[in-house]
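Working notes, structure below.
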Amino acid sequence: MNPSSCRDGAFYTARTTTHTGPISTTSFLTSNNIILSHSHVPFIVVVGATGIQGGSVVRALLNVDGYTIRAITRNRQSEKAQALQAKGVEVVEADLNDVAALKTAFAGSHAIYAVTNFFDAYPTVGAEKAMDIEARLGTNLAIAAAATSSLQHYIWSTLPNTRRVSGGKIVVPHYEAKNRVDDYIKSQTALLQKTTFLWVPTYAQNIHYPFYTPFAIPTADPETLYQIQATPASVLWPMAGDSSVNVGLFVKAILDQPGKTLPGRFVRAVVETMTAGEVVQAWAAAQGKKGVVLQVSRETYHNMWPGWAELMDLSHTYYEMAKDKSFSAGAEQVLTKEDLGVTGLVTTAAFFAKK
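So that you can map any letter, position 346 of the sequence shown is 346 in full-length UniProt numbering, and since no number is skipped, the others follow by simple counting.
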């Protein structure tokens, strides 16, 4: 989860940069007077390049021979975008509402990493409208990708189908929105042949959100930190570990092994499965303390963090129901880190220790 704001409007710009190494780069002017670079080697377009997932992909591929990167972001003037430009990354500012701009940004690309963020809209419009918005933006990305004649590999960041896995008992909104895009991609035969669906589970970084951060209770043991949940400490959480590192490692493995990851294959970026209690214990241990999940009633939990608690509780309830199958159940044949030989992954505890 990476809450941020999404810009409206149709502003779009692009620039060329000088790349180091053997890559030869030329420029061309589009019909909209947009200057884009075109390399004589395959390049990847990364959507949301200054966010957690996109940023991880950029870092994983930045110094790898055979890859040149075009980064798409909301604000080319941001510090993160300028830092990418300083490293030789071509940075493009584009609005996901504008399919024409996306088609231009994707032009000539060999691979695309596509991600959307339900949490951009959720705080202001609620779950139903946020699902509609995310599904529309994700579909726009797929439409633009399908129109990219040079495209060989489309990686779509998504989540399991909670409705199907639970037999309709649980529908988690930020999963459901992405599932609608999954269905659109599956309906486009040519695009599906080029697509890998990447399931990215809970970030270790989520511990920093108020509804997850363990805290001390002044009247209790000062050496114990508590996290409040409506579900038990024994619930299994699929963890992505340090997603700012690990997502990119999975994406590189996907790109390097198209024989395994295409056509239309699913990959789960699960680094480890931990109980909720183990996650809290790992966070507390990094601070030399004990960690405990304090289970309360749903009413109490929802009243503590209105809106956010209901959403997180749905995720946790899905985990509780699915047990160890939350990121492997369903019709999909899912590839794992072992299947792809992904190495160098940073675990949840290791991320907490760094912080």
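Glycine included, each C-beta is placed from N, C-alpha and C at the ideal position. Just so you know, these numbers come straight off a predicted model, no measurement behind them.
7 Å CB neighbourhood of residue i in its chain, flanking five on each side removed
i	result
Phe215	Leu225, Tyr226
Val172	Thr162, Leu314, Ser315, Tyr318
Leu255	Ala111, His153
Inter-residue Cα distance where the pair is residue i and residue j
i	j	result
Tyr175	Ala220	37 Å
Leu29	Ala135	For Leu29, the predicted model reports a pLDDT of 33, less than 50, meaning its position is unreliable and no value from the coordinates is stated.
Thr261	Glu278	32 Å
Arg194	Tyr301	Looking at the sequence provided, one finds Lys at residue 194 rather than Arg. Spanning the two alpha carbons is a distance of roughly 43 Å.
Ala121	Asn63	34 Å
Thr139	Asp95	13 Å
Gly307	Asp65	45 Å
Gln77	Gly88	15 Å
Pro258	Arg268	15 Å
Residue nearest to residue i in terms of C-alpha spacing, selected from the options
i	options	result
Ser166	Val296, Thr343, Ala322	Ala322
Ile170	Asn117, Met312, Ala349	Met312
Ile228	Tyr212, Thr158, Ile254, Thr273	Tyr212
Leu345	Gln82, Asn246, Gln188	Asn246
Ala144	Ile155, Ala127, Thr104, Ala177	Thr104
Ala204	Ala350, Thr189, Ile44	Ala350
Ala353	Glu332, Ala285, Ala309	Ala285
Val293	Pro232, Val45, Glu128	Pro232
Ala111	Ile207, Ser297, Asp182, Tyr154	Tyr154
Ala230	Ser297, Tyr113, Thr189, Glu272	Ser297
Ala276	Thr348, Ala130, Gly288	Thr348
Arg59	Val251, Ser187, Glu79	Val251
Leu192	Ala147, His208, Ile207	Ala147
Tyr67	Pro42, Glu320, Ile185, Ala309	Pro42
Residues that residue i bridges to, as DSSP identifies them
i	result
Val334	Phe266
His153	Ala111
Pro238	Thr273
Arg290	With the sequence shown as reference, residue 290 is identified as Lys, and Arg is not the correct amino acid for it. Thr224, per the DSSP bridge assignment.
Phe106	Per DSSP, none; premise fails for Phe106.
Beta-carbon contacts of residue i that lie in its chain and below 6 Å, excluding the five residues immediately before and after
i	result
Gly48	Gly54, Val115
Thr158	Lys178, Asp182, Phe197
Leu137	Leu96, Thr116
Ala130	Phe118, Ala121, Tyr122
Cβ shell of residue i (< 8 Å), same chain only, five flanking positions each side left out
i	result
Val270	Trp199, Pro201, Pro238, Met239, Ala240, Phe327, Thr336, Lys337
Cβ of residue i within 8 Å of any chain D Cβ
i	result
Val293	Although the question refers to chain D, the structure presented lacks it and comprises just one protein chain.
Near the ligand SAH: residue i beta-carbon under 7 Å from a heavy atom
i	result
Ser78	Ligands displayed in this structure: none; no statement on the ligand SAH is therefore possible.
Give, in chain order, every unbroken run of the alpha helix (DSSP H) that is at least 4 residues long and sits entirely within the segment 44–87. 52–61, 79–86
Query - Runs of alpha helix (DSSP H) lying entirely within the segment 144–210, each at least 4 residues, in chain order - result: 162–165, 173–187, 189–192
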